[in-house]
Amino acid sequence: MTALPAERPARVRPVRIRPVRASNVLVGVDPVACRPAADPAARAEHHRIRHAVFVGEQGVFDGSDIDAHDARDDVVHVLATHCGRPAGTVRLYPTGVPGEWLGDRLAVLPEFRTAGIGGPLVRFAVETAGARDGIRMLAHVQLPNERFFHRLGWRTAGPVETYVGHPHVPMVTGLTSPVTPWLAGARRAG
Ligand SMILES: CC(C)(COP(=O)(O)OP(=O)(O)OC[C@H]1O[C@@H](n2cnc3c(N)ncnc32)[C@H](O)[C@@H]1OP(=O)(O)O)[C@@H](O)C(=O)NCCC(=O)NCCS
């Protein structure tokens, strides 16, 4: 019987990482990002968008939409970007009732509307308030946007009311426990 030749060790081919062409790098990456407007530049963009929408476009506020809530320690100013360009805002803060938060100043610049920025901003506000021990979130919603909020899982919480001098509808949503702990902010970090 002839001895079989010794088995050669399998040759492991190195895996080759193919370079990705620059034009393909962003394929599949969500162009919309929502973040707390933590630095002065982001905060300035946040206020620029609010001013453009609520003072310039809608005339809901005369001259400025900034109020005392903007100076609170516990307020969260959010800026949404689309491919890095500032596109939308929302603001949230606790009402003082345990577990209750209020979201307002939801605005998307006209040129970015119906591109899927308002929805993510609302979901980001809900997630952020949930991460900060919120149980429910309220909003005074302009009548044409009631359906937009229903589609995001909110419910109408009362009859039409006058808010900042205009008809709004009170709406509410429950807040779930956080899935994104960093949204709790420095207060709860670590
Ligand atoms: C309301 C607003 C924030 C919506 O932002 P947006 O970026 O256009 O919303 P999205 O693109 O994320 O919309 C998500 C879905 O809701 C729909 N939608 C948007 N506005 C809607 C409305 N007013 N009513 C019903 N559906 C609406 C969109 O068509 C989209 O539908 P789809 O998922 O089938 O494509 C924006 O129109 C806006 O800034 N308006 C002016 C300021 C304002 O009214 N602020 C709210 C005060 S309560």
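Residue numbering for the sequence shown follows this note's numbering, beginning at 1295 and increasing consecutively.
Built from N, CA and C at the ideal position, the CB exists for glycine as well.
Quick caveat: nothing in here was measured; it's all calculated off a predicted structure.
Please classify residue i as buried or exposed, where buried requires at least 16 other C-beta atoms within 10 Å of its C-beta.
i	result
His-1376	buried
Thr-1389	exposed
Glu-1405	exposed
Trp-1476	exposed
Thr-1422	buried
Gly-1382	buried
Asp-1359	buried
Arg-1482	Bear in mind that a pLDDT of 47 at Arg-1482, under 50, signals an unreliable position, so the number given afterwards is only what the model happens to contain. Answer is exposed; the Cβ neighbour count stays below 16.
Arg-1426	buried
Gly-1428	buried
Val-1372	buried
Does the Cβ of residue i lie closer than 7 Å to at least one heavy atom of ligand 1?
i	result
Pro-1438	yes
Ala-1478	no
Leu-1373	no
Phe-1442	yes
Arg-1346	The identity of residue 1346 in the sequence shown is Ala, whereas the question assumes Arg. Ala-1346: no, Cβ never under 7 Å from ligand 1.
Gly-1378	no
Ala-1419	no
Ala-1366	Ala is not the amino acid found at residue 1366; the sequence shown has Arg there. Incorrect: Arg-1366 has no Cβ contact closer than 7 Å to ligand 1.
Val-1435	yes
Thr-1408	yes
Leu-1400	yes
Gly-1447	no
Ile-1411	yes
Which residue comes first and which comes last in the alpha helix (DSSP H) that contains residue i?
i	result
Glu-1421	1412-1425
Pro-1334	1334-1344
His-1460	It is not in any alpha helix (DSSP H) - His-1460 instead sits in the beta strand (DSSP E) that spans 1460-1468.
Residues bridged to residue i by DSSP?
i	result
His-1382	According to the sequence as given, residue 1382 is Gly; it is not His. Beta-bridge pairing links Gly-1382 to Ala-1374 and Val-1402.
Pro-1388	Trp-1395
Arg-1449	Val-1466
Thr-1456	Pro-1461
Residue range of the beta strand (DSSP E) that residue i falls in?
i	result
His-1434	1430-1436
Pro-1325	Run containing Pro-1325: none; DSSP gives neither H nor E here.
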